[in-house]
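In the numbering used here, the protein residues as written are 1277 to 1441. Data first, discussion second: the structure below is written as structure tokens.
Pasting the structure below:
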């Protein structure tokens, strides 16, 4: 897919938004705990508030697809721009641009996305000189706090998450 080409809103974010808007019609009853969840089962329950925020955001459909996919990456895991792009049928650069515009970070975990070689890449829309600086330090802290290991050069250690649904 070419960056800048808009695709129709699809996937979990649209499904969530559709169900939320249907549940808020005047003749609908409030949702109770015995009713099925609006969130697909492949998302951890801790991500439900974030998915609702993403679905109701006034952002591009592509950005919403990227941010929704982020919510599938479990704490303590990471993926790459390339793997996320392949899942979304897009390009790593387009994914990176959507991550740069993520207004919900770090709750919508864009810090869990790294470069293919394990380098941390940018964070909060910045690529500090020599890969260091306050934004990269924050990304390292978030990843380490979740149990992701980094080598002496600041690259992630381990196998990237590929379990996107």
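Ideal Cβ positions, reconstructed from N, Cα and C, are used throughout, including at glycine.
Task: Simplified DSSP assignment, three categories, for residue 1438 - done: Against the chain shown, residue 1438 aligns to sequence position 162. In the structure shown, residue 1438 sits in coil (DSSP, three-state: anything other than H, G, I, E or B).
Task: Every unbroken alpha helix (DSSP H) within the region 1306-1371, with a cutoff of 4 residues, ordered by chain - done: For the region 1306-1371, whole alpha helix (DSSP H) runs of length 4 or above, ordered along the chain, are 1324-1332, 1337-1346, 1357-1363.
- [ ] Quick one: grab the DSSP three-state call for residue 1396.
- [x] The residue given as residue 1396 occupies position 120 in the chain shown. Here residue 1396 sits in coil by DSSP.
Open item on the list: Nearest by alpha-carbon distance to residue 1422: which of 1332, 1357, 1351 is it?
Closed with: As a working note, residue 1422 is residue 146 in the chain shown. It is 1351.
Open item on the list: Quick check on residue 1421: does DSSP put it in helix, strand or coil?
Closed with: Within the chain shown, numbered from 1, the residue matching residue 1421 stands at position 145. Secondary structure at residue 1421: helix, using DSSP grouped into helix, strand and coil.
TODO: May I have the straight-line CA-CA distance separating residue 1282 from residue 1326, to the nearest angstrom?
DONE: The sequence position of residue 1282 within the chain shown is 6, counting from 1. The sequence position of residue 1326 within the chain shown is 50, counting from 1. Residue placement at residue 1282 cannot be trusted, given a pLDDT of 41 that sits under 50; what the coordinates show is reported in the next sentence. Their backbone Cα atoms lie some 23 Å apart in a straight line.
TODO: Check each candidate in 1412, 1438, 1436 and name the one with the smallest Cα separation from residue 1430.
DONE: Taking the chain shown and counting its residues from 1, one reaches residue 1430 at position 154. Ranking 1412, 1438, 1436 by Cα distance to residue 1430 puts 1412 first.
TODO: Label residue 1330 either buried or exposed according to how many other C-beta atoms from any shown protein chain fall within 10 Å of its C-beta, with 16 as the threshold for buried.
DONE: Within the chain shown, residue 1330 is the residue found at index 54, counting from 1. The C-beta of residue 1330 has 16 or more other C-beta atoms within 10 Å across all chains shown, which makes the residue buried.
- [ ] Flag this pair as yes or no: are the beta carbons of residue 1356 and residue 1390 separated by less than 7 Å?
- [x] Translated into positions along the chain shown, residue 1356 becomes position 80. Translated into positions along the chain shown, residue 1390 becomes position 114. It is a contact, given that the beta carbons lie within the stated cut-off.
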